Amino acid sequence: MFEVLKTRITAWKRYNRTVSELNALSNRELSDLGIARSDIQRVARQAAR
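All residue numbers for the sequence shown refer to this note's numbering, where the first residue is 1438 and numbers rise by one.
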């Protein structure tokens, strides 16, 4: 039970960190990575898995 909670908290932290890092990039930098600003949350969810 605690392992599941730990896993979810770790994923949540990874999601938030990814969103923050991607939001800090310019539109040009995101474009170079093939990511639209509107895709940041989706990309972060995938990264958090």
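Quick reminder that beta carbons are idealized off the backbone N, C-alpha and C, glycines included. On a predicted model such as this, the values are computed, not experimentally measured, just so you know.
Rounding to the nearest angstrom, what Cα-Cα distance links residue 1481 and residue 1456 in this structure? As a position in the sequence shown, residue 1481 is number 44, starting the count at 1. As a position in the sequence shown, residue 1456 is number 19, starting the count at 1. Rounded to the nearest angstrom, the two C-alpha atoms are 6 Å apart.
So, helix, strand or coil for residue 1470, using DSSP? Residue 1470 sits at position 33 when you count from the first residue of the sequence shown. In the structure shown, residue 1470 sits in coil (DSSP, three-state: anything other than H, G, I, E or B).
Neighbourhood of residue 1486 by C-beta, 8 Å cutoff - its chain only, sequence neighbours within 5 removed: Within the sequence shown, residue 1486 is the residue found at index 49, counting from 1. 1448, listed in sequence order.
Please report the distance separating the alpha-carbon of residue 1483 from that of residue 1477. Within the sequence shown, numbered from 1, the residue matching residue 1483 stands at position 46. Within the sequence shown, numbered from 1, the residue matching residue 1477 stands at position 40. About 10 Å.
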